[in-house]
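Asks:
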Amino acid sequence: MNNDQIFKDRARVLDEDLAGRASTAGADALLAEIVSLERAPARRRLLPSPRRALLGMAAVAVLAGAIVVGPSLFGASEQVYASQAVTIDRVGDEYAFYFTEGNPDPAELKKAFHQVGLDNLTVSLVPVPPRMPAGSVFGFEKSDPDARATFAGDSCPERVEDCITAFRVTADIKGPAKVSLGRPAKPGEKYAFPADASWPGEALAGVNLQGRSAAQAADVVREHHLKVAYVLDWRLPNDEKDTRFEKDVPASRIDPDWQVARAESYNDGVIVLHVVPGPAATPPPGF
């Protein structure tokens with residue numbers, strides 16, 4: 135049997151069946167099937183290139199590293215609360231607080247603390263000179279001996295956009311607790327702690343008054359259209375390091391020849407001159 139006979143025996147529609155006919159139901163079905171097969175694009179099995187394979191292996195390695203290394207270095211972090219003023223993450227057995235407002239509404243903070251079960255926690259954000267080292271002002275008062283809190287503002291912009299300061303605190307604090315946290319003062323806002331008046335951005339930036347007489351230093355301050363206030367630095371007898379500060383000293387008690395130890399600014403238009411009394415000066419009672 136030749137090939138023509140084999141194909142003829144297997145054919146679903148023969149030529150003689152179509153003789154004299156424009157179309158049949160079988161022919162139409164066969165034609166439709168052929169057309170649909172021709173229009174369907176052939177699927178290709180894509181084999182990964184060596185470069186793609188290497189990238190895939192690297193991605194798997196990174197993912198595996200994140201699963202293993204991540205918790206050991208950073209802890210499992212999950213956002214549990216967010217508002218315009220504060221964002222709270224749960225990180226292991228601690229809560230991380232990220233602040234985006236310097237003076238948040240106390241009611242809003244209370245709501246945020248209540249959301250995570252820290253109803254007895256209060257936070258005070260105090261304005262400090264922008265040049266002060268991060269975390270230089272941080273306090274934690276608590277009644278729970280096992281409670282802890284740490285400054286976390288160094289990396290807070292990486293977590294929350296426009297973050298100005300942050301801290302972490304134990305999640306299961308028992309009893310009342312208070313966190314005092316420094317944050318950069320706004321332009322023109324009075325500092326809670328003094329800055330060196332000669333620091334960049336301060337009222338006497340680049341001007342060194344140390345070692346000048348009280349009279350000379352006062353003249354320089356007034357030339358910058360600033361007011362002068364005085365503090366006397368009383369050195370304790372037989373102790374060159376320990377000093378007691380007498381604040382709000384009137385100008386009438388300042389000898390013009392006494393030397394200035396340093397000049398401070400609270401960003402309020404007043405320069406505080408720390409003056410060292412002369413050897414013949416007598417300290418007031420208590421100094």
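Numbering (the working numbering), first residue to last: 135 to 421. The beta-carbon is built from N, C-alpha and C at its ideal position, and this holds for glycine as well. Since this is a predicted model, take the numbers as computed values, not measurements.
#1: Please name the residue or residues paired with F314 in a DSSP beta bridge.
#2: What is the DSSP secondary structure of Q218, counted as helix, strand or coil?
#3: If you draw a straight line from the alpha carbon of D376 to that of S270, how long is it in whole angstroms?
#4: Among I388, R265, E398, whose alpha-carbon lies nearest the alpha-carbon of P417?
#5: Kindly list the residues whose CB is nearer than 6 Å to the CB of P328, restricted to its own chain and excluding five residues on each side of it in sequence; keep chain order.
#6: From M266, L259, T304, pick the residue whose C-alpha is nearest to that of D278; which is it?
#7: Along the chain, which unbroken stretches of the alpha helix (DSSP H) at least 4 residues long are found entirely within the stretch 312 to 359?
#8: What is the DSSP secondary structure of L407, reduced to helix, strand or coil?
#9: Measure the C-alpha to C-alpha separation of D306 and E228 and round it to an integer number of angstroms.
#10: What does DSSP give as the partner residues of V303 in its beta bridges?
#11: Looking at the secondary structure, which residues open and close the beta strand (DSSP E) in which K361 lies?
#12: From this set, V313, L407, D402, R265, which residue's C-alpha is nearest A395's C-alpha?
Replies: Walking through what the data contain:
#1: Position 180 of the sequence shown, counted from the first residue, corresponds to residue 314. According to the sequence provided, residue 314 is Ser. The question's Phe does not apply to it. BP columns for S314 point to S258, G273.
#2: For the purposes of this step, residue 218 is taken as the residue at position 84 of the sequence shown. Coil at Q218, not helix or strand.
#3: On the sequence shown, position 242 is the one that residue 376 refers to. On the sequence shown, position 136 is the one that residue 270 refers to. Straight-line spacing of the CA atoms in D376 and S270 works out to 22 Å.
#4: On the sequence shown, position 283 is the one that residue 417 refers to. For the residues I388, R265, E398, the minimum Cα distance to P417 belongs to I388.
#5: Here residue 328 is taken as the residue at index 194 of the sequence shown, counted from 1. So the qualifying residues of the chain are E398, Y400.
#6: Looking up residue 278 in the sequence shown gives position 144. The shortest C-alpha separation from D278 is found at T304.
#7: The qualifying runs are 348 to 357.
#8: Here residue 407 refers to the residue found at position 273 of the sequence shown. DSSP places L407 in strand when its eight states are reduced to three.
#9: Here residue 306 refers to the residue found at position 172 when the sequence shown is read from its first residue. Here residue 228 refers to the residue found at position 94 when the sequence shown is read from its first residue. Rounded to whole angstroms, D306 to E228 spans 8 Å at the Cα level.
#10: Numbered from 1 along the sequence shown, position 169 holds the residue referred to as residue 303. Partner(s): Y229, A283.
#11: Taking the sequence shown and counting its residues from 1, the one referred to as residue 361 is at position 227. Run containing K361: 361 to 369, per the beta strand (DSSP E) assignment.
#12: Taking the sequence shown and counting its residues from 1, one reaches residue 395 at position 261. Ranking the options by Cα distance to A395, first place goes to L407.
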